[in-house]
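Undergrad:
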Amino acid sequence: MTEYKLVVVGAGGVGKSALTIQLIQNHFVDEYDPTIEDSYRKQVVIDGETCLLDILDTAGQEEYSAMRDQYMRTGEGFLLVFAVNSVKSFDDIVVYREQILRVKDTEEVPMVLVGNKCDLSAWVVDMNRARDIAKQYNIPFIETSAKTRMGVDDAFYSLVREIRKDKFHKGRKSNKFQGTGRGFPFKLRCSIL
Numbered sequence: 560m561t562e563y564k565l566v567v568v569g570a571g572g573v574g575k576s577a578l579t580i581q582l583i584q585n586h587f588v589d590e591y592d593p594t595i596e597d598s599y600r601k602q603v604v605i606d607g608e609t610c611l612l613d614i615l616d617t618a619g620q621e622e623y624s625a626m627r628d629q630y631m632r633t634g635e636g637f638l639l640v641f642a643v644n645s646v647k648s649f650d651d652i653v654v655y656r657e658q659i660l661r662v663k664d665t666e667e668v669p670m671v672l673v674g675n676k677c678d679l680s681a682w683v684v685d686m687n688r689a690r691d692i693a694k695q696y697n698i699p700f701i702e703t704s705a706k707t708r709m710g711v712d713d714a715f716y717s718l719v720r721e722i723r724k725d726k727f728h729k730g731r732k733s734n735k736f737q738g739t740g741r742g743f744p745f746k747l748r749c750s751i752l
């Protein structure tokens, strides 16, 4: 069974824990209790493959920012969560993404942009702008509501698909210099004389 290490990041109060608990336990957490760091595991079937999701729910508060590098190093994919009723949380997405790319020392990391709290009537984030950012980053954008469960599975499952896609492309790149010799793969080697 394949295990996927997913990390949920975003500003404080955007609903990272509520999304995670909704996925894991199928219920909505009403009260806000700032997370330092919580880990959850759930076995699911995505596109016919049974897999284990290892989900790290992270602190959004700035006082815990020193812990970010560590979980960014170990995560395979990231849900970038903002609240549709907070422009600041949306603007913070750029900072999280840049930090992930810096820590991972790469230009592409599996990510999904998540606009949460879609059940609220007072949206202040322009969803067209969110779609444009996702398109610019070449990542999926999912609208969610942890309260109504709208888009919750889709957000996490899309991230797993992004990780699979990334592994497939990295696998192809590493096999780029392989050829075949009588049906057996071999690596091209260079000898300096």
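Note that the sequence shown covers residues 560 to 752 in our numbering.
For glycine and all other residues, C-beta sits at the position ideal for the given N, C-alpha and C.
Here's the rule I'm using: 16 or more other beta-carbon atoms within 10 Å means buried, otherwise exposed. How should A681 be labelled?
TA: Answer is exposed; the Cβ neighbour count stays below 16.
Undergrad: Of all the options D616, H728 and T633, which has the alpha carbon lying nearest to the alpha carbon of F715?
TA: Of the listed residues, the one whose Cα sits closest to F715 is D616.
Undergrad: Count the other CB atoms within 10 Å of the CB of S604; is the residue buried (16 or more) or exposed (fewer)?
TA: The sequence given here places Val at residue 604; Ser does not occur at that position. Exposed, because fewer than 16 other Cβ atoms sit within 10 Å of the Cβ of V604.
Undergrad: Which residue from G634, R661, D589 and E667 puts its Cα closest to that of T707?
TA: When only C-alpha atoms are compared, the closest one is D589.
Undergrad: Using 10 angstroms around the beta-carbon of E666, count the other beta-carbons present and answer buried if the total reaches 16, otherwise exposed.
TA: It is exposed - the Cβ of E666 has fewer than 16 other Cβ atoms within 10 Å.
Undergrad: What is the rounded straight-line gap between the Cα of L612 and the Cα of D685?
TA: Their Cα atoms are separated by approximately 31 angstroms.
Undergrad: For the region 648-718, list the alpha helix (DSSP H) runs that are entirely contained and at least 4 residues long, ordered along the chain.
TA: If we require 4 residues or more, the alpha helix (DSSP H) runs fully inside the region 648-718 come out as 686-696.
Undergrad: CA-CA distance, G572 and I698?
TA: One C-alpha to the other measures close to 23 angstroms.
Undergrad: Check V567 in the structure and name its three-state DSSP category.
TA: In this structure, V567 counts as strand in the three-state DSSP scheme.
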